[in-house]
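This report refers to the structure that appears directly beneath it.
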Amino acid sequence: MITKMTITNIHVLNQDSAYDFYVNKLGFKLVDDIPMGPESRWLTVSPPEQPDLQLVLFPVTVSKMFPKDVAETLIGLIKKGIFGCGVLTCNDIFATYEELKAKGVEFIKAPTKEFYGTEALFKDDSGNYFSLQPLNNFGNENSI
Amino acid sequence: MDQYPKVYLYRRIVQAKLFIDKNYAERIDLSYISDEACFSKFHFTRLFKAIYAKTPHQYLTWVRIEKAQQLLREDKSVSETCFLVGFDSLTSFSGLFKRNVGISPSSYQAQMQQLKLAIKKSPVSFVPSCFALQHGWLEE
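Residue numbers (the working numbering), protein chains in the order written: chain A, 13 to 156; chain B, 291 to 430.
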């Protein structure tokens, strides 16, 4: 019986820039940063209160399993902002929105009431986008 | 929705949080932060805790212990780490570290050093095969 997802990946265009975005802007915790050759490293981060889920910040590089045309197509799609990568949860969506905006994170959508609760949308440094929702999304989302 | 309810309060509390993030290594007087944010200390603490589930003081300690773990992983000595993250006393630093992390700073550093040695010896054995294969690391 499968019980949990523990590691998943996000394709990024540049690992240095992705590190800065996920660790210094979003506040994720660095888990692994292991050099794997001259051009890439095994770089994983976790949401601050979810240490048992690692996100691999996976660079798109050419390999035997990942031929040049596939890598180029994927890079093009990431740059176009095609990929929605998931929902991130916060205690307070308005405080998180203000903090991330102050740190220069680009929002596609400010906190907006939807039928499923309040939601905002932002992009990472590569062009992947995430939904941001408060933990308590069906009650009063304001903490103060 | 830039004009959500109490937007002005949120912005002041978020600025105070960012101030702690930036200045955790300094001697931070939380009364000064609440004055700067134009709140009474009591009101400031209440709003901060409502948003972050920690008092400003608890949050400052949390940030310092997080940074301390990073510095210990980078092989800074325990005493150097203690002062670099803003503690005055090694005893109180060690006590708070153990309470938050579960082990002493020196044990934490020893564990991290062992892990680093194991990673250096065989980096690819720390990468799940589905990723190593996709990246071609298993062929090298």
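Virtual Cβ for every residue (Gly too), placed ideally from N, Cα, C. In this text the structure is predicted, and so the values were computed from the model without any measurement.
With distance defined between alpha-carbon atoms, name the residue in 340(B), 350(B), 301(B) nearest to residue 327(B).
301(B)
I think residue 375(B) touches residue 357(B), with their Cβ atoms under 8 Å apart; what is that distance to the nearest whole Å?
5 Å
Neighbouring residues, chain A, relative to residue 294(B) (Cβ below 7 Å):
106, 123
Based on DSSP bridge pairs, tell me the residues matched to residue 141(A).
96(A), 135(A)
May I ask you to report which of helix, strand or coil DSSP gives residue 117(A)?
coil
Identify, in the order they occur along the chain, each residue of the same chain with its Cβ nearer than 6 Å to the Cβ of residue 4(A), setting aside the five sequence neighbours on each side.
Beyond the ends of chain A as shown, which are 13 and 156, falls residue 4(A); an answer cannot be given.
Would you say residue 399(B) and residue 362(B) are within 7 Å of each other, going by their C-beta atoms?
yes
Given that residue 317(B) touches chain A, what residues does it touch there, using C-beta distances under 9 Å?
None at all; the shortest Cβ gap to chain A is about 24 Å.
Excluding the 5 residues preceding and the 5 following residue 45(A) in the sequence, name in chain order all residues of the same chain whose CB lies nearer than 7 Å to its CB.
53, 55
How many angstroms separate the CA atom of residue 50(A) from the CA atom of residue 418(B)?
20 Å
Indicate the three-state DSSP secondary structure (helix, strand or coil) for residue 385(B) in the structure shown.
helix
Listed by chain order, chain A residues near residue 389(B) by CB distance under 8 Å
Here the premise fails: no neighbours, minimum Cβ distance about 18 Å.
Is residue 84(A) close to chain B? Criterion is C-beta to C-beta, closer than 7 Å.
no
Go through its chain and collect everything with a Cβ distance to residue 65(A)'s Cβ below 7 Å, but skip five positions before and after it.
17, 18, 58, 59
Would you call the CB atoms of residue 324(B) and residue 334(B) closer than 7 Å?
yes
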